[in-house]
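**Q** For the sequence shown, the positions run -30 to -1, 1 to 600 when mature numbering (1 follows the signal peptide of the UniProt record, and there is no 0) is used. Backbone N, C-alpha and C fix where the C-beta goes; we use that ideal spot for every residue, glycine too.
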Amino acid sequence: MEMCSFKSLALAILIALFVWSSSFETLCSGREMKVRYTPDSMYNSYQPYESVMTTASFNVLNFGAKGDGQTDDTKAFGAAWEAACKVEASIMVVPNGVFLVGPITFGPDCQPNIVFQLDGKIIAPTSSNAWGSGLLQWLEFKNLKGITVKGAGIIDGQGSVWWNDLAKYLPTDDSMSYEDAKMPSTKPTVLRFYGSEGVTVTGITIQNSPQTHLKFDTCKTVQVSSFTTSSPGDSPNTDGIHVQNSQDVLIYSSNLACGDDCVSIQAGCSNIYIHDVKCGPGHGISIGGLGKDGSKACVSNITVRNVAMQNTLTGVRIKTWQGGSGSVQQVMFSNIQVSDVKTPIMIDQFYCDKGKCQNKSSAVSISDINYVNIQGTYTQTPVYFACSDSLPCTGVSLTTIALKPSEGYQQPFCWEAYGELKTSTEPPISCLKTGAPSKSNVPYIKTWAKRPRAPEIHGRIICPPKTIKASKKIQETAIEIRAFSLEKEFMNGEELLAAGFNVETVEYKNISFSVMDVGGQGRTRPLWRLYFHRAQCLIFVIDSNDRDRVDDARNELLLMLQEDELRDAVLLVFANKQDLPNAMNTTEITDKLGLHSLGQRRHIQSTSAISGEGLHEGLDWLCTTLPGDR
């Protein structure tokens, strides 16, 4: 990272054959709304689907169910449902008892307004024979109108047999395989509603889910109340409530404890209202991840209020993958109480759950996001806004934010987030940019021409494993140094750093690798971890003429090298500006950075970006030091 003054012109070298550019335009046809869908209007508009009086009752015991927890009652449940399905406003009764039920689908083509009355306990089979090669859901209600699941009963997914199998996963490149695993790799959702309208879930408890507890997919007019989920905080991928492609959803007066998002709101959702919910353990209430694999995702009119969270990973979060498209807009988070939450407020447009995601310029746009009265304690970062360089977050509004550390203190983090602080906040969120991004700053993607004068080296570069085998013919002259400057931009007297993270493929002698040019400014440093996965080398660039901040550079370097994913990486230090008369020599820099303690897998190279001296020598060292299969 270059230790130049932020008031001086920031310069960088990009090692590349070309720089390509693209543009992104959000398109959410048919989903744009001019007026917020208010919670009160949802209350007033929600009505059960043509509710009528119950006309017939069908008890599973009358169809052969034993309820002893050992006999397979799947066929009895199917028979009872088949009878209830034919009668409008019928009720299927699961009385007191423990019912072992295998995977089953209730529906479709049934009469409307059926009630599934759960008073007993339903348990999932723990034998792999019941699941075949793997199923996505266990209990499914499909293509129904006016379906209600209610009662004081329990649905137990017996997920521990699935969670324990995770220890038997073995990594095989980009996939996972089992060794002596008992259960199939595909884990089922406990209770899923698909393609249904007028859905009510109230009173029941779902516990120990193999994966998601309750899922709504392609549903309209949904109400969840007095609902409980109960799974350990370390149970993997166990979302409490998962909503996708659904509209007009009301979730309230519920207690959600799980190992993932308490509520997960996915693509295609609008008019979602969540209130008076307790969350924890879990990962908080999340919108996303959206835009995975370049997909388009539109989410709008989301209200979350009067929620208490304790010991969760995040509080209220929006997460999107790089490379997607679409939008998240008109979101309100209000009256959120957090206790020992790692990060209470988060927007993450660099979301990646597999550790090796490519950097892409397109993004899901995020706008009109409102935070009101968020209070309590945090354990890591109070506010984290990591927004896209090419499509910054806009219209982010914060009012009455009071977040205190459980211990220590961390600054809020903002990157390309624009909006307004309507009141003072604790801690001060001064990193939020006011107003809207200038056109010259969005997106930061340009094609750069050759210039007569090469610039300084700026930032640090991470070199992951190559994608081209060393056996292929690579021209020694294929590397070309192209220079570009990162111009200062000014708006309302405030300096705007226009630098983005640039990724290119470099071929040099017997090595081909991806290069990520990552800025060294203080506010970008929390994003560095996004680039550590499977890194083989770290190129650290230091200003040899800046003696005042060499200690800061040493601390940052040693902190990075303590990361688990960089423990085996080789280190190349470019000591830049060696052409200046007062520059520290490499021996002095070696001492000040503490390089002697780092062993043999490090090298310091004197460099001048003006003349290009030392650049090839440093890359030659990389060629001879990195492993043979590069």
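1) Please state if the CB of G285 and the CB of V311 are separated by a distance shorter than 7 Å.
2) Determine contact between the region 298 to 308 and the region 343 to 354, defined as no fewer than three beta-carbon pairs at a distance below 8 Å.
3) Taking all protein chains shown into account, decide if T447 is buried (16 or more other Cβ within 10 angstroms of its Cβ) or exposed.
4) Mapping DSSP to helix, strand and coil, what is V30?
5) Give, in chain order, every unbroken run of the beta strand (DSSP E) that is at least 3 residues long and sits entirely within the region 329 to 366.
6) Taking G48 as part of the alpha helix (DSSP H), name the residues at either end of that continuous run.
7) Expressed to the nearest angstrom, what Euclidean distance is found between the alpha-carbon atoms of E377 and T349?
8) Report all residues from its chain with a CB closer than 6 Å to the CB of I124; omit the five preceding and five following residues, and keep chain order.
9) Do the CB positions of W291 and K262 come within less than 7 Å of each other?
10) From A539 to Q532, what distance separates their C-alpha atoms?
11) According to DSSP, Y321 sits in a beta bridge with which residue or residues?
12) I need the straight-line Cα distance from G264 to K330, nearest angstrom please.
13) Identify, in the order they occur along the chain, each residue of the same chain with its Cβ nearer than 6 Å to the Cβ of G67, setting aside the five sequence neighbours on each side.
14) What's the gap between the Cα of S200 and the Cα of N178?
15) Check for me: the beta strand (DSSP E) holding T560 runs from which residue to which?
16) Going by C-alpha distance, which of N83, G72, L70 and D79 is nearest S27?
17) Which residues mark the beginning and the end of the alpha helix (DSSP H) in which R275 is found?
18) Go ahead and pull the three-state DSSP assignment for T395.
19) How big is the Cα-Cα spacing for G229 and E390?
20) How many angstroms separate the CA atom of Q300 from the CA atom of S256?
21) Under 6 Å Cβ to Cβ from T75, same chain only, skipping five residues before and after it: list those, please.
22) Can you tell which of L184, I509 and A94 has the C-alpha that lies nearest to the C-alpha of D42?
23) Can you check which of these residues, F33, V85 and N207, is closest to M62 by C-alpha distance?
24) DSSP beta-bridge partners for D187?
25) Give the straight-line distance between the Cα atoms of L184 and E52, rounded to the nearest whole angstrom.
26) Buried or exposed for R537, going by 16 or more other Cβ atoms inside 10 Å?
27) On the premise that I580 lies in contact with T556, defined as a C-beta separation below 8 Å, what is that separation, rounded to the nearest angstrom?
28) Is A333 near L368, with beta carbons less than 7 Å apart?
29) May I ask which residues mark the beginning and end of the alpha helix (DSSP H) holding R524?
30) Going by the beta-carbon positions, is the gap between A122 and G39 smaller than 7 Å?
31) Which two residues bound the contiguous beta strand (DSSP E) that contains C593?
32) Beta-carbon within less than 6 Å of R571's beta-carbon, same chain only, minus the 5 sequence neighbours each way: which residues are those?
33) Just the Cα atoms here: how many angstroms apart are S270 and K115?
34) By how many angstroms is the C-alpha of V247 removed from the C-alpha of D318?
35) Determine the burial state of C593: buried for a count of at least 16 other Cβ atoms within 10 Å of its Cβ, exposed for fewer.
36) Considering only the beta carbon of each residue, do V171 and F197 sit closer than 7 Å?
**A** On the basis of the data shown:
1) In the sequence shown, the residue the question calls residue 311 occupies position 341. In the sequence shown, the residue the question calls residue 285 occupies position 315. For V311 and G285, yes; Cβs fall inside 7 Å.
2) yes
3) The residue labelled residue 447 in the question sits at position 477 within the sequence shown. Its pLDDT being 26, under 50, T447 is placed unreliably in this model, and the value from its coordinates should be taken loosely. Burial call: exposed.
4) Within the sequence shown, residue 30 is the residue found at index 60, counting from 1. It is helical.
5) 335 to 348 and 353 to 356
6) Position 78 of the sequence shown, counting from 1, holds the residue named residue 48. For G48, the enclosing alpha helix (DSSP H) starts and ends at T44 to C55.
7) Looking up residue 377 in the sequence shown gives position 407. Looking up residue 349 in the sequence shown gives position 379. Going by the C-alpha atoms only, they are around 7 Å apart.
8) Here the question's residue 124 lines up with position 154 in the sequence shown. Correct list, in chain order: K91 and T175.
9) As a working note, residue 291 is residue 321 in the sequence shown. As a working note, residue 262 is residue 292 in the sequence shown. Yes, the pair counts as a contact, with Cβ atoms nearer than the cut-off.
10) Taking the first residue of the sequence shown as position 1, residue 539 is located at position 569. Taking the first residue of the sequence shown as position 1, residue 532 is located at position 562. One C-alpha to the other measures close to 11 Å.
11) Sequence index remark: in the sequence shown, residue 321 carries index 351 (1-based). According to DSSP, which records beta bridges pairwise, Y321 is partnered with nothing at all.
12) Translated into positions along the sequence shown, residue 264 becomes position 294. Translated into positions along the sequence shown, residue 330 becomes position 360. Taking the straight line from one Cα to the other gives about 9 Å.
13) Residue 67 sits at position 97 when you count from the first residue of the sequence shown. The residues are G37 and G90.
14) The residue labelled residue 200 in the question sits at position 230 within the sequence shown. The residue labelled residue 178 in the question sits at position 208 within the sequence shown. Each residue's Cα considered, the two are about 6 Å apart.
15) Working through the sequence shown from its first residue, we reach residue 560 at position 590. Taken as a continuous stretch (DSSP letters only), T560 belongs to no beta strand (DSSP E), being part of the alpha helix (DSSP H) at T556 to L563.
16) Here residue 27 refers to the residue found at position 57 of the sequence shown. When each option's Cα is compared against that of S27, the closest is N83.
17) Along the sequence shown, one-based indexing puts residue 275 at 305. Note, R275: premise wrong, no alpha helix (DSSP H); beta strand (DSSP E) at K266 to Q280.
18) Against the sequence shown, residue 395 aligns to sequence position 425. Coil at T395, not helix or strand.
19) As a position in the sequence shown, residue 229 is number 259, starting the count at 1. As a position in the sequence shown, residue 390 is number 420, starting the count at 1. Cα to Cα, the separation comes out at about 34 Å.
20) Here the question's residue 300 lines up with position 330 in the sequence shown. Here the question's residue 256 lines up with position 286 in the sequence shown. Approximately 15 Å between the Cα atoms of the pair.
21) As a working mapping, residue 75 is identified with position 105 in the sequence shown. Correct list, in chain order: E110 and K112.
22) Start at 1 with the first residue of the sequence shown, and residue 42 comes out as number 72. That would be A94, whose Cα lies nearest to the Cα of D42.
23) Start at 1 with the first residue of the sequence shown, and residue 62 comes out as number 92. Looking at the Cα atoms, V85 is the closest of the given residues.
24) The residue given as residue 187 occupies position 217 in the sequence shown. Answer is Y164 and Q214.
25) Taking the sequence shown and counting its residues from 1, the one referred to as residue 184 is at position 214. Taking the sequence shown and counting its residues from 1, the one referred to as residue 52 is at position 82. Roughly 23 Å separates the two Cα atoms.
26) To locate residue 537, count along the sequence shown from 1; it is residue 567. Flag for R537 reads exposed.
27) Translated into positions along the sequence shown, residue 556 becomes position 586. Translated into positions along the sequence shown, residue 580 becomes position 610. Their Cβ separation, rounded to whole angstroms, is 18 Å, which puts T556 and I580 out of contact at 8 Å.
28) For the purposes of this step, residue 333 is taken as the residue at position 363 of the sequence shown. For the purposes of this step, residue 368 is taken as the residue at position 398 of the sequence shown. By the CB criterion at 7 Å, A333 and L368 fall outside the cutoff.
29) On the sequence shown, residue 524 is found 554 positions in, with the first residue counted as 1. Looking at the DSSP string, the run of the alpha helix (DSSP H) that includes R524 is V520 to L531.
30) Position 152 of the sequence shown holds residue 122. Position 69 of the sequence shown holds residue 39. No. Outside cutoff.
31) Position 623 of the sequence shown, counting from 1, holds the residue named residue 593. No beta strand (DSSP E) contains C593, which is instead part of the alpha helix (DSSP H) from L585 to T595.
32) Indexing the sequence shown from 1 puts residue 571 at position 601. The answer, listed in chain order, is V540.
33) Here residue 270 refers to the residue found at position 300 of the sequence shown. Here residue 115 refers to the residue found at position 145 of the sequence shown. Taking the straight line joining both Cα atoms gives about 24 Å.
34) Within the sequence shown, the letter at position 348 stands for residue 318. Within the sequence shown, the letter at position 277 stands for residue 247. Between D318 and V247, the C-alpha separation is close to 23 Å.
35) Along the sequence shown, read from residue 1 onward, the residue named residue 593 stands at position 623. By the C-beta density criterion, C593 is exposed, having fewer than 16 other C-beta atoms within 10 angstroms.
36) Indexing the sequence shown from 1 puts residue 171 at position 201. Indexing the sequence shown from 1 puts residue 197 at position 227. Yes, the pair counts as a contact, with Cβ atoms nearer than the cut-off.
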